[in-house]
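**Q** Have a look at this one before I ask anything.
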């Protein structure tokens, strides 16, 4: 918790004293204006909380007495939703930016600890790696501890993962508390960064599929029939989807959004900071899918050392080098890559980890365009990709296998 609070303080100092403003102060300013609106007219406050903000609605409830939230935050519903969340804390923090920063850090500190409690008993990784990956990644602590969209996205994501795997692997009972936390977390992600729901949902579905296949292991014919049918359906549906999308790209909300966001970050002069260019010019479904490998590699390992132009980018570059070392060990020092993949197939958490990292890595690498944005977008998968590449078959399992081979 102190680690999170410390980086939250650094985050606050950086944006208030060094940079003298940014998204975080705009979120705070919007929350303060909502607080003023409550005391001016409580009914208007609640109406504004449920209203979808736009350029045309800012004067519906705000006025000269309350002041107006920053226009560039208000006109983006996903961003102003963060101000709405934070406004709930203004009644106990008396509009203090520092107090709200510490509360934000405490929330994500609690969810990070819950994630650590989930993984701490796993035997496929050394304990210091389990703790370090879930609690002590510097860039995650910096970008996801203060008042920011990334903080609440990470907290919501970690809550969903903790509850899902507590039910699947810890055999905990589903109760009202879990239902409420799941509902809030899913709602928050839907409002702030809806593609996260896709990145979470697909791997969880894969985990459930693997569990279903395990339950069929006594009937090989059923397993192979299921696999063949599932593979054929997946390929067929993908081809049909891509064919239809090649004719009607505008009807695809996700692909169109990806293309628009990617071009916006790449070309808009308002977005400052070190940029990168994937060299993508084809924004058709096939063109976007062909960009998956370079997008994922960019998200996993960049910025490189020579691309780091600030202290925080340098931290991210060192994390990338560490991940490269883990990747090398995963491929060449895991005791046989085929055996290692067989082991991974038995670990539901690792299956989720790699699929989630690949999906979010594509989203982050493809759309960001700026290294500062990339680091923030990829923060949720950092813990998971580190644990995946650091995973090894436990010695106890190897000993049992060796003993079983002795005549």
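In this note's numbering, the protein residues as written are 35 to 441.
Quick reminder that beta carbons are idealized off the backbone N, C-alpha and C, glycines included.
1. Would you mind stating whether residue 180 and residue 135 have Cβ atoms separated by less than 8 Å?
2. Thinking C-alpha only, which one of 80, 192, 226 is nearest residue 112?
3. Which runs of the alpha helix (DSSP H) at least 4 residues long sit entirely within the segment 81-137? Give them in chain order.
4. My output table needs one value for residue 404: the three-state DSSP class, helix, strand or coil.
5. Does the segment 388-404 come into contact with the segment 227-238, if we say contact requires no fewer than three beta-carbon pairs (one atom in each stretch) closer than 8 Å?
6. Using a Cβ-Cβ cut-off of 7 Å (strictly less than) and excluding sequence neighbours within five positions of residue 189, which residues of its own chain qualify?
7. By Cβ distance, which residues of its chain are closer than 6 Å to residue 35, with the 5 residues on each side in sequence left out?
8. Return the CA-CA distance between residue 98 and residue 63, expressed in angstroms with no decimal places.
9. Does the count of Cβ pairs from the segment 413-421 and the segment 335-343 closer than 8 Å reach three?
10. Assign residue 397 to one of two classes, buried (16 or more other C-beta atoms within 10 Å of its C-beta) or exposed (fewer than that).
11. Could you tell me which of 81, 388, 69 sits nearest to residue 128, measuring between CA atoms?
12. Is residue 309 helix, strand or coil when you go by DSSP?
13. Can you list, in chain order, the residues of its chain whose CB lies under 7 Å from that of residue 392, leaving out five sequence neighbours each side?
14. Rounding to the nearest angstrom, what Cα-Cα distance links residue 50 and residue 222 in this structure?
15. I need the DSSP call for residue 379, collapsed to helix, strand or coil.
16. Candidates 337, 89, 327: which alpha carbon is nearest residue 405's?
17. Throw me the rounded Cβ distance for the residue 172 and residue 349 pair, which I believe falls under 8 Å.
18. Quick check: what's the CA-CA separation for residue 102 versus residue 395?
19. For residue 44, report the span of its alpha helix (DSSP H) as first-last.
20. Whole angstroms are fine: how far does the CA of residue 327 sit from the CA of residue 219?
21. From residue 65 to residue 118, what does the alpha carbon distance come to, in whole angstroms?
22. Spatial neighbours of residue 206 within its chain, please: CB distance less than 6 Å, with the 5 preceding and 5 following residues excluded, ordered by chain position.
23. Label residue 370 either buried or exposed according to how many other C-beta atoms from any shown protein chain fall within 10 Å of its C-beta, with 16 as the threshold for buried.
24. Going by CA-CA distance only, name the one from 58, 408, 150, 422 that's closest to residue 333.
25. Does the beta-carbon of residue 77 have 16 or more other beta-carbons within 10 angstroms, so that it is buried, or is it exposed?
26. When the Cα of residue 39 is compared with those of 57, 85, 185, which residue comes out closest?
27. According to DSSP, is residue 427 helix, strand or coil?
28. Of the choices 212, 166, 130, 248, whose alpha-carbon is the least far from that of residue 421?
29. When you compare only the Cα positions, how much space is there between residue 320 and residue 387?
30. Can you tell which of 377, 80, 94 has the C-alpha that lies nearest to the C-alpha of residue 428?
31. Can you check whether the CB of residue 382 is closer than 8 Å to the CB of residue 174?
32. Between the C-alpha atoms of residue 347 and residue 249, what's the straight-line distance to the nearest angstrom?
33. Grouping DSSP H, G and I as helix and E and B as strand, with all else coil, what is residue 203?
34. Measuring straight from C-alpha to C-alpha, what distance separates residue 352 and residue 162?
35. Buried or exposed: residue 211, going by 16 or more other Cβ atoms within 10 Å of its Cβ?
**A** Taking the definition as stated:
1. For this step, residue 180 is matched to residue 146 along the chain shown. For this step, residue 135 is matched to residue 101 along the chain shown. Yes, these two residues count as a Cβ contact at 8 Å.
2. The count along the chain shown starts at 1 and reaches residue 112 at position 78. With distances taken between Cα atoms, residue 112 lies closest to 226.
3. Segments of the alpha helix (DSSP H) lying fully in the segment 81-137: 92-95, 105-108, 111-121, 124-127.
4. Start at 1 with the first residue of the chain shown, and residue 404 comes out as number 370. Three-state result, residue 404: strand.
5. Using a C-beta cut-off of 8 Å, the segment 388-404 makes contact with the segment 227-238, since at least three inter-stretch Cβ pairs fall below that distance.
6. By one-based count along the chain shown, residue 189 stands at place 155. Contacts found: 141, 142, 145.
7. Sequence index remark: in the chain shown, residue 35 carries index 1 (1-based). 143, listed in sequence order.
8. Reading the chain shown from its first residue, position 64 is the one you call residue 98. Reading the chain shown from its first residue, position 29 is the one you call residue 63. Their Cα atoms are separated by approximately 15 Å.
9. Contact annotation: the segment 413-421 does not touch the segment 335-343, with fewer than three C-beta pairs closer than 8 Å.
10. For the purposes of this step, residue 397 is identified with residue 363 of the chain shown, where counting begins at 1. The residue is buried, with at least 16 neighbouring Cβ atoms inside 10 Å.
11. The residue you call residue 128 lines up with position 94 of the chain shown. A check of alpha carbon separations from residue 128 across 81, 388, 69 identifies 69 as the nearest.
12. As a first step, residue 309 is located in the chain shown; it is residue number 275 there, counting from the start. Residue 309 falls in the strand class under three-state DSSP.
13. If you number the chain shown from 1, residue 392 lands on position 358. Cβ neighbours of residue 392 beyond the five flanking positions: 330.
14. Position 16 of the chain shown, counted from the start, is the residue given in the question as residue 50. Position 188 of the chain shown, counted from the start, is the residue given in the question as residue 222. Going by the C-alpha atoms only, they are around 26 Å apart.
15. Along the chain shown, one-based indexing puts residue 379 at 345. Coil, per DSSP.
16. Translated into positions along the chain shown, residue 405 becomes position 371. Residue 405 has its Cα closest to that of 337, out of 337, 89, 327.
17. Along the chain shown, one-based indexing puts residue 172 at 138. Along the chain shown, one-based indexing puts residue 349 at 315. Between residue 172 and residue 349 the beta-carbon gap is near 5 Å, inside 8 Å, which marks them as a contact.
18. Along the chain shown, one-based indexing puts residue 102 at 68. Along the chain shown, one-based indexing puts residue 395 at 361. Rounded to the nearest angstrom, the gap between the Cα atoms of residue 102 and residue 395 is 36 Å.
19. Indexing the chain shown from 1 puts residue 44 at position 10. 36-47 is the span of the alpha helix (DSSP H), which, as asked, contains residue 44.
20. The residue given as residue 219 occupies position 185 in the chain shown. The residue given as residue 327 occupies position 293 in the chain shown. Each residue's Cα considered, the two are about 30 Å apart.
21. Within the chain shown, residue 65 is the residue found at index 31, counting from 1. Within the chain shown, residue 118 is the residue found at index 84, counting from 1. Using only the alpha carbons, I get a separation of about 6 Å.
22. Locating residue 206 in the chain shown gives position 172, counting from the first residue. Correct list, in chain order: 200.
23. Start at 1 with the first residue of the chain shown, and residue 370 comes out as number 336. Counting other Cβ atoms within 10 Å of its Cβ, residue 370 stays below 16 and is therefore classed as exposed.
24. By one-based count along the chain shown, residue 333 stands at place 299. Ranking the options by Cα distance to residue 333, first place goes to 408.
25. Position 43 of the chain shown, counting from 1, holds the residue named residue 77. Residue 77 is exposed by the Cβ-count criterion.
26. As a first step, residue 39 is located in the chain shown; it is residue number 5 there, counting from the start. Closest in alpha carbon position to residue 39, among 57, 85, 185, is 185.
27. By one-based count along the chain shown, residue 427 stands at place 393. The answer is coil: DSSP assigns residue 427 none of H, G, I, E or B.
28. Stepping through the chain shown from its first residue, residue 421 is reached at position 387. That would be 166, whose Cα lies nearest to the Cα of residue 421.
29. Numbered from 1 along the chain shown, position 286 holds the residue referred to as residue 320. Numbered from 1 along the chain shown, position 353 holds the residue referred to as residue 387. Their Cα atoms are separated by approximately 26 Å.
30. Indexing the chain shown from 1 puts residue 428 at position 394. Nearest of 377, 80, 94 to residue 428, Cα basis: 377.
31. Against the chain shown, residue 174 aligns to sequence position 140. Against the chain shown, residue 382 aligns to sequence position 348. No.
32. In the chain shown, counting from the first residue as 1, residue 347 sits at position 313. In the chain shown, counting from the first residue as 1, residue 249 sits at position 215. Residue 347 and residue 249 have their C-alpha atoms some 46 Å from each other.
33. Position 169 of the chain shown, counted from the first residue, corresponds to residue 203. Note: residue 203 maps to coil in three-state DSSP.
34. Position 318 of the chain shown, counted from the first residue, corresponds to residue 352. Position 128 of the chain shown, counted from the first residue, corresponds to residue 162. Rounded to the nearest whole angstrom, the C-alpha separation of residue 352 and residue 162 is 18 Å.
35. Taking the first residue of the chain shown as position 1, residue 211 is located at position 177. So residue 211 ends up on the exposed side.
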